[in-house]
Ligand SMILES: Nc1ncnc2c1ncn2[C@@H]1O[C@H](COP(=O)(O)OP(=O)(O)O)[C@@H](O)[C@H]1O
Ligand SMILES: [Mg+2]
C-alpha cells in the first residue's frame, strides 16, 4: 500500500525520514504521542544506519490486518551486520543518550519488532505500530 523509501546516508536524510514518518502517521490518524513514538523509532534506526553501515534505506508503508490499520517501517542496510544481537538488545548497552534509548527503546515504542542481521551482509529491522480504535 503505497510504499515510500528514503535513502539514508547523512543527518539530513534522518530528518527527511522522520518527517515522512510524521506525515504518514498523522495521515493514518495516530495521535501526537504515537506520532512521536514512531518518529523517535525512525530516528534511532536511521541513525544506526548512518553510524554503523554508512548508508541504507527506510521504507514506510501503511499496513492492514483484518479491520485494523498500522504503519510499518523497515530499515535496511548492507553494512557489517550486528555481531552480538543479544548484547545489542540489552538495556543499557546503547551508547547514545538519545530519547529513543537504542534498539531496546525502539522495541518498547512499537508493537512489533523484528531484527534480522548477518555478519558482513547487513541488517534489516522491521517495526510496526497499530492504530488503536477509540472507544
Ligand atoms: N544497522 C546496524 N549495523 C551494524 N551494527 C548495528 C546496527 N544497528 C546497531 N548496531 C550495533 O548494535 C549496537 C546497539 O545499537 P543501539 O541499541 O542503537 O545503541 P547505540 O547506537 O547507542 O550504540 C550498536 O552499538 C552497534 O554496535
Ligand atoms: Mg543507536
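Numbering (my numbering), first residue to last: 200 to 334. Heads up, the beta-carbon is just placed ideally off N, CA and C, and yes, glycines get one too.
- For residue 285, the closest C-alpha among the options 233, 276, 302 and 327 is that of 302.
- Annotated three-state conformation of residue 269 is strand, per DSSP.
- Membership of residue 206 in the beta strand (DSSP E) is indicated by the continuous run 203 to 207.
- Judged by their CB atoms, residue 270 and residue 227 are nearer to each other than the 9 Å cut-off.
- Distance from the C-beta of residue 208 to the nearest heavy atom of ligand 1 is not below 8 Å.
- Taken from the Cβ of residue 318, every heavy atom of ligand 2 lies 8 Å or farther away.
- According to the DSSP assignment, residue 236 belongs to the alpha helix (DSSP H) that extends over 231 to 247.
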